[in-house]
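A.B. asks:
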Amino acid sequence: MLKPAVSGARRAWIREQPEGGMMTRMQSTAAVLIIGGGLLGAAFCWHGGSDAGEKQPEAIASKIVGWDAARAHQADWGQMRFYFTGETSGSKNVLAAAAVVEPGKSVHKAHRHAEEEFLAIIEGEGTWSLDGKESPARRGDVLYAAPWVYHGLTNTGDRPLIFLVVRWHGKGVPLPPRPDNRPDEQ
2 MLKPAVSGAR RAWIREQPEG GMMTRMQSTA AVLIIGGGLL GAAFCWHGGS
52 DAGEKQPEAI ASKIVGWDAA RAHQADWGQM RFYFTGETSG SKNVLAAAAV
102 VEPGKSVHKA HRHAEEEFLA IIEGEGTWSL DGKESPARRG DVLYAAPWVY
152 HGLTNTGDRP LIFLVVRWHG KGVPLPPRPD NRPDEQ
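Numbering follows the working numbering, with no gaps: position 118 of the sequence shown is 119.
Next comes the structure, spelled out in structure tokens:
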């Protein structure tokens with residue numbers, strides 16, 4: 002089980018293992034930077050302004066969400082933990098989550114959508130699918146999927162694969178038009 006451990010002002014992710022292994026400081030820092038960078042990048046996409054009289058949804062509040070507090074979704078492929086969903090001051094359709102994917106499984110087939118997305122592997126190994134091409138996926142890898150580019154991840158290892166996902170669309174930026182009539186999931 003992946004759990005956050007707090008020591009003073011430092012936060013590290015520990016994967017409970019018989020040998021007591023721990024994610025390195027660099028790996029935990031990279032994970033925080035990926036999620037934070039994705040959300041900050043989304044905020045800087047904001048062009049400001051809104052239509053007069055248009056009611057704006059409430060933005061996600063600044064806070065720290067722990068593993069146990071994140072909303073959990075159990076599925077036949079494993080578990081997704083939702084840390085943040087909704088809007089920030091500069092982005093909409095935000096998703097910041099972690100997935101634990103069982104061996105031989107994937108969250109879904111390769112898919113595409115209008116939002117930008119980062120995926121970062123924290124533990125395990127698998128196979129990336131990006132724009133119709135497959136390649137090995139290993140701990141520490143980060144994938145960026147531009148709008149409407151097919152992407153996916155399958156756990157081909159013998160232990161759970163854990164990845165972080167940050168997806169968003171900038172406010173004030175028009176959604177990229179659907180490029181063709183192909184299905185959104187392959």
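In this text, a Cβ means the ideal position worked out from N, Cα and C, and glycines have one as well.
Go through its chain and collect everything with a Cβ distance to residue 148's Cβ below 7 Å, but skip five positions before and after it.
C.D. replies: For the purposes of this step, residue 148 is taken as the residue at position 147 of the sequence shown. 115, 116, 117, 177.
A.B. asks: Counting only runs of 3+ residues fully inside the segment 75-158, write out the beta strand (DSSP E) ranges in chain order.
C.D. replies: Taking only runs of at least 3 residues, the beta strand (DSSP E) segments lying wholly in the segment 75-158 are 79-87, 92-102, 117-124, 126-131, 134-139, 143-146, 152-156.
A.B. asks: Looking at the unbroken beta strand (DSSP E) that takes in residue 173, where does it start and where does it end?
C.D. replies: For the purposes of this step, residue 173 is identified with residue 172 of the sequence shown, where counting begins at 1. From DSSP, residue 173 is part of no beta strand (DSSP E); its letter is neither H nor E.
A.B. asks: What three-state label does DSSP hand residue 60 in the structure shown?
C.D. replies: Working through the sequence shown from its first residue, we reach residue 60 at position 59. Residue 60: coil per DSSP, three-state reduction.
A.B. asks: Report the option in 168, 63, 65, 102 whose CA atom is closest to the CA atom of residue 159.
C.D. replies: The sequence position of residue 159 within the sequence shown is 158, counting from 1. Per the Cα distances, 102.
A.B. asks: Figure out for me which residue from 63, 119, 152 has the closest Cα to the Cα of residue 128.
C.D. replies: Here residue 128 refers to the residue found at position 127 of the sequence shown. When only C-alpha atoms are compared, the closest one is 152.
A.B. asks: In its own chain, which residues sit with a C-beta less than 6 Å from the C-beta of residue 41, not counting the 5 before and 5 after it?
C.D. replies: To locate residue 41, count along the sequence shown from 1; it is residue 40. Caution is warranted here: a pLDDT of 42 is assigned to residue 41, below 50, making its placement in the model unreliable, and no coordinate value can be reported.
A.B. asks: Given that a residue counts as buried once 16 or more other Cβ atoms are within 10 Å of its Cβ, and exposed if not, what is residue 64?
C.D. replies: If you number the sequence shown from 1, residue 64 lands on position 63. When all chains shown are included, residue 64 counts as exposed.
A.B. asks: Report the rounded CA-to-CA distance for residue 133 versus residue 163, giving the unit in angstroms.
C.D. replies: Position 132 of the sequence shown holds residue 133. Position 162 of the sequence shown holds residue 163. Distance between the alpha carbons of residue 133 and residue 163: 23 Å.
A.B. asks: Does the count of Cβ pairs from the segment 133-145 and the segment 72-88 closer than 8 Å reach three?
C.D. replies: No, because fewer than three Cβ pairs between the segment 133-145 and the segment 72-88 fall closer than 8 Å, the two stretches do not touch.
A.B. asks: Measuring straight from C-alpha to C-alpha, what distance separates residue 150 and residue 143?
C.D. replies: As a working mapping, residue 150 is identified with position 149 in the sequence shown. As a working mapping, residue 143 is identified with position 142 in the sequence shown. So the two alpha carbons sit approximately 15 Å from each other.
A.B. asks: Using CA coordinates, which residue listed in 111, 110, 141, 167 is at the minimum distance from residue 124?
C.D. replies: The residue given as residue 124 occupies position 123 in the sequence shown. Nearest of 111, 110, 141, 167 to residue 124, Cα basis: 141.
A.B. asks: For residue 186, I'd like the list of residues in its chain whose CB is within less than 6 Å of its CB, leaving aside the five on either flank, ordered along the chain.
C.D. replies: The residue you call residue 186 lines up with position 185 of the sequence shown. These residues qualify, in order along the chain: 110, 112.
A.B. asks: Spatial neighbours of residue 45 within its chain, please: CB distance less than 6 Å, with the 5 preceding and 5 following residues excluded, ordered by chain position.
C.D. replies: For the purposes of this step, residue 45 is taken as the residue at position 44 of the sequence shown. For residue 45, the pLDDT reaches just 39, beneath the cut-off of 50, and the residue's location in the model is therefore unreliable, although a value from the coordinates is still provided. Excluding sequence neighbours, residue 45 sits near nothing in its chain.
A.B. asks: Is it right to say residue 88 is buried, meaning 16 or more other beta carbons lie within 10 angstroms of its own, or is it exposed?
C.D. replies: The residue labelled residue 88 in the question sits at position 87 within the sequence shown. Buried, by the Cβ-count rule.
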